[in-house]
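**Q** Position in the sequence shown (first residue = 1) + 110 = the working numbering.
We put the beta carbon where it would ideally sit given N, CA and C, even for glycine.
Handing you this structure, nothing more for now.
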Amino acid sequence: MTLRTLQCQHPQVLARHRRALAGAPKGCHSAGTQQDGNMAETAGGRKDGEGRGGIVLRDVWLDRGGSPLFRGLSLDLPERRIGLVGSNGSGKSSLLRLLNGLLVPDRGRLTVAGLDAARDRRDLPTRVGFVFQNVDHQILFPTVGEEIAFGLVEHGLDRKAARAEAERLLAAHGCAGWAGRAVDALSEGQKQLVCILAALAPDPAILVMDEPLASLDLANRRALLARIERLPQQVLMASHDLDLIAGFDRILWLEAGAVKADGPPDAVLPAYRAHEETRARTLGDLS
Numbered sequence: 111m112t113l114r115t116l117q118c119q120h121p122q123v124l125a126r127h128r129r130a131l132a133g134a135p136k137g138c139h140s141a142g143t144q145q146d147g148n149m150a151e152t153a154g155g156r157k158d159g160e161g162r163g164g165i166v167l168r169d170v171w172l173d174r175g176g177s178p179l180f181r182g183l184s185l186d187l188p189e190r191r192i193g194l195v196g197s198n199g200s201g202k203s204s205l206l207r208l209l210n211g212l213l214v215p216d217r218g219r220l221t222v223a224g225l226d227a228a229r230d231r232r233d234l235p236t237r238v239g240f241v242f243q244n245v246d247h248q249i250l251f252p253t254v255g256e257e258i259a260f261g262l263v264e265h266g267l268d269r270k271a272a273r274a275e276a277e278r279l280l281a282a283h284g285c286a287g288w289a290g291r292a293v294d295a296l297s298e299g300q301k302q303l304v305c306i307l308a309a310l311a312p313d314p315a316i317l318v319m320d321e322p323l324a325s326l327d328l329a330n331r332r333a334l335l336a337r338i339e340r341l342p343q344q345v346l347m348a349s350h351d352l353d354l355i356a357g358f359d360r361i362l363w364l365e366a367g368a369v370k371a372d373g374p375p376d377a378v379l380p381a382y383r384a385h386e387e388t389r390a391r392t393l394g395d396l397s
C-alpha cells in the first residue's frame, strides 16, 4: 500500500499521528536502544518504563453508530501486561482506540500515561504506540529504515539521526542490516515486526496492539510474542488466541461494552473459553 493510498483511506488517522508527533518539542530523542538483558535504556538513563504507563477510566461513556457502547466504564489498569478478550463488537477495539486518541470519550475521564485523553489528545500518540492487525493499515514507506525513521523525524530528529536511530533499534532486536530492505519483500511476520518496531521508535510508555498476530503462523506468533514479552513498555493486547495471552498479568473480558470478567488469566480465560465453545455450539445448531 502506498502512502497516497493510506492517506486516502485513513486520512484522519495519519494526519492526527503526524500532528501529534510534530507537536513534540524539537530535539526530543527516542530510546537509545542500548540493551542490558531485558532492560531498555533511554537516552535520559530511564530504565524499564516504570512509572510511565498506567491507564485510568472513570465513568467513561462512548457512543458508536448512534448507540451507547460504554456506559459509565471505570477501570484502573496499572499492570505491565493486559490481555483483552470478547466477541466481535464487544468494545475491545474501541477501548484500544480511546487510548491513543483515535476516539474520545463522550463523557467521563480517561487518563493514559499521565495524560488526560480529552485535554491532551494531540499528545497521546507520543505516549501510546499502536499496532494494527493489518500491516497494510500501518506501513507507509517502501523500505524498513524509512518506516521506522518516520516517527522519529516527525518527533524532531533530523533525517540522518533518525536513520541512525532506526538502525540501532533494528540491531537491538536482531534485525541488523534491515534498514535498506524493501518492505514488500518481507514475510508477513517480518512486516508485523517492522510495525511493532516503528511503534516503539519514539519510546512510548504504552504499546497497544489490536489482534497484531492474528494473520501469522504459529512459529511467527510465538517468536513475536517472545519479543513483546521482553519489552519495557506496558502492553495491552486484544487477542482471540487465548494461548498468546495466558501468561499475561491480567485479562479483561468485555461484552457489549461492559466488563464481564476481570482478573488473572487462570481465573478469566477458562470461563471465556467455555463461553465461546457454548456460543459456537449454539450457532452451529441454529445453522
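1. Assign residue 214 to one of three DSSP states: helix, strand, or coil.
2. Compare the C-beta of residue 228 against all C-beta atoms of chain B and say whether one is closer than 8 Å.
3. Out of curiosity, what's the CA-to-CA distance linking residue 332 and residue 353?
4. By Cβ distance below 8 Å, which residues in the same chain neighbour residue 324 in space, the five residues on each side in sequence not counted?
5. Taking only three categories from DSSP, how would you classify residue 226?
6. What are the boundary residues of the beta strand (DSSP E) that residue 361 is part of?
7. Please confirm if the region 302-309 is in contact with the region 246-253, defined as three or more CB-CB distances below 8 Å between the two stretches.
8. What are the partner residues of residue 193, as DSSP defines its beta bridges?
9. Near residue 299, what residues of its chain come up, given a Cβ to Cβ distance below 6 Å and the 5 sequence neighbours on each side ignored?
10. Only counting the same chain, and skipping five residues up and downstream in sequence, which positions put a Cβ closer than 8 Å to that of residue 225?
11. May I have the straight-line CA-CA distance separating residue 345 from residue 320, to the nearest angstrom?
12. Have a look at 265, 192 and 217 and flag the residue whose alpha-carbon is nearest the alpha-carbon of residue 206.
13. Under DSSP, the alpha helix (DSSP H) around residue 208 begins and ends at which residues?
14. Where does residue 76 land, buried or exposed, given buried means 16+ other C-beta within 10 angstroms?
15. On the criterion of 16 or more Cβ atoms from any shown chain inside 10 Å, does residue 265 qualify as buried, or is it exposed?
16. Let me check understanding here. Comparing Cα to Cα, which of 239, 212 and 168 lies closest to residue 342?
17. Three-state secondary structure (DSSP) at residue 249?
18. Can you tell me whether residue 182 is helix, strand or coil according to DSSP?
19. Mapping DSSP to helix, strand and coil, what is residue 262?
20. Which partner residues does residue 221 have in the DSSP bridge list?
21. Using the Cβ count rule (16 or more neighbours within 10 Å means buried), how would you classify residue 177?
**A** Concretely, from the data shown:
1. coil
2. You won't find chain B in this structure, because it holds only one protein chain.
3. 10 Å
4. 243, 349, 350 and 351
5. strand
6. 360-365
7. yes
8. 347 and 361
9. 326 and 330
10. 233, 234 and 237
11. 11 Å
12. 192
13. 202-209
14. The chain is shown only over 111 to 397; residue 76 falls outside these bounds and no answer can be derived.
15. buried
16. 239
17. coil
18. strand
19. helix
20. 166 and 226
21. exposed
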